[in-house]
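Colleague:
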Amino acid sequence: MLELHDSSLSYISGSSAIPLIGLTVGDLIDSVAETFPDHDALISRHQGIRYSYRALRDECNRFAAGLLALGIQKGDRIGIWSPNHAEWVIAQFATPKIGAILVNINPAYRLRELEHALRQSGCSALIAGPPFKTSNYAAILRELCPEMDT
Numbered sequence: 008m009l010e011l012h013d014s015s016l017s018y019i020s021g022s023s024a025i026p027l028i029g030l031t032v033g034d035l036i037d038s039v040a041e042t043f044p045d046h047d048a049l050i051s052r053h054q055g056i057r058y059s060y061r062a063l064r065d066e067c068n069r070f071a072a073g074l075l076a077l078g079i080q081k082g083d084r085i086g087i088w089s090p091n092h093a094e095w096v097i098a099q100f101a102t103p104k105i106g107a108i109l110v111n112i113n114p115a116y117r118l119r120e121l122e123h124a125l126r127q128s129g130c131s132a133l134i135a136g137p138p139f140k141t142s143n144y145a146a147i148l149r150e151l152c153p154e155m156d157t
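So the sequence shown is residues 8 to 157, counted in our numbering.
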């Protein structure tokens with residue numbers, strides 16, 4: 008009998024009328040971009056941004072290439088510390104394209120909470136959002152890691 012807590016499995020599949028897709032997240036965005044290239048995929052009204060599936064796929068591919076150029080490798084953990092922005096969605100699709108793991112960090116975290124989250128998660132890089140409400144992410148990062156400016 009299959010145990011529900013069996014940690015050797017990545018998922019458990021039982022009987023269902025709808026089969027699993029069998030695609031990676033990267034494959035899925037590529038497939039949808041081929042099927043519905045000009046349909047709206049992402050609209051961020053507060054940023055004034057609208058992406059079709061083709062444009063979103065292309066932006067994700069550029070972002071993934073940028074991560075590789077920075078030396079990010081398969082299995083690396085990449086933190087994202089940002090409120091909801093279009094870039095968050097792009098990171099969500101781009102990181103698995105290169106086999107990296109996206110670690111969501113609460114955008115309300117302050118210095119000590121961020122430091123703890125980064126230490127616990129083993130992130131090798133961090134994507135930080137622009138200032139939002141009372142959170143100036145760059146300023147908090149500079150306080151945590153002053154060598155960023157050198």
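Note that CB positions come from ideal geometry on N, CA and C, so glycine has one too.
Helix, strand or coil: how does DSSP classify Arg-117 here?
Modeller: Looking at Arg-117 - three-state DSSP - the assignment turns out to be coil, as it is neither helix nor strand.
Colleague: Quick check: Val-110 and Arg-84, are their CB atoms within less than 7 angstroms of each other?
Modeller: In this structure, the beta-carbon distance from Val-110 to Arg-84 falls below 7 angstroms.
Colleague: Could you give the DSSP three-state label for Ser-128: helix, strand or coil?
Modeller: helix
Colleague: Have a look at Val-39 and Trp-95 and give me their C-alpha separation to the nearest angstrom.
Modeller: 19 angstroms
Colleague: In or out: Leu-9 buried (at least 16 other Cβ within 10 Å) or exposed?
Modeller: In this prediction, Leu-9 scores a pLDDT of 43, lower than 50, which makes its location untrustworthy; no coordinate-derived value is stated.
Colleague: Would you mind reading off the limits of the beta strand (DSSP E) that contains Gly-21?
Modeller: Premise fails: Gly-21 is in no beta strand (DSSP E) and is neither H nor E.
Colleague: Measure from the alpha carbon of Pro-103 to the alpha carbon of each residue in Ala-76, Ser-128 and Asn-68, then state which is nearest.
Modeller: Asn-68
Colleague: Three-state secondary structure (DSSP) at Ala-146?
Modeller: The answer is helix: DSSP assigns Ala-146 an H, G or I state.
Colleague: Between the beta-carbon of Leu-49 and the beta-carbon of Ala-93, is there less than 7 angstroms?
Modeller: yes
Colleague: Residues in the same chain with beta-carbon distance under 8 angstroms from Leu-30, minus the five sequence neighbours each way, listed in chain order, please.
Modeller: Ser-38
Colleague: Can you tell me which residues form a DSSP beta bridge with Gly-86?
Modeller: Val-110 and Leu-133
Colleague: Taking DSSP as the reference, what is the three-state secondary structure of Ile-105?
Modeller: coil
Colleague: State whether the region 113–121 contacts the region 140–151, with contact taken as three or more CB pairs (one from each stretch) at a distance under 8 angstroms.
Modeller: Contact holds: three or more Cβ-Cβ distances are below 8 angstroms.
Colleague: Please classify Ile-56: does DSSP put it in a helix, a strand, or coil?
Modeller: strand
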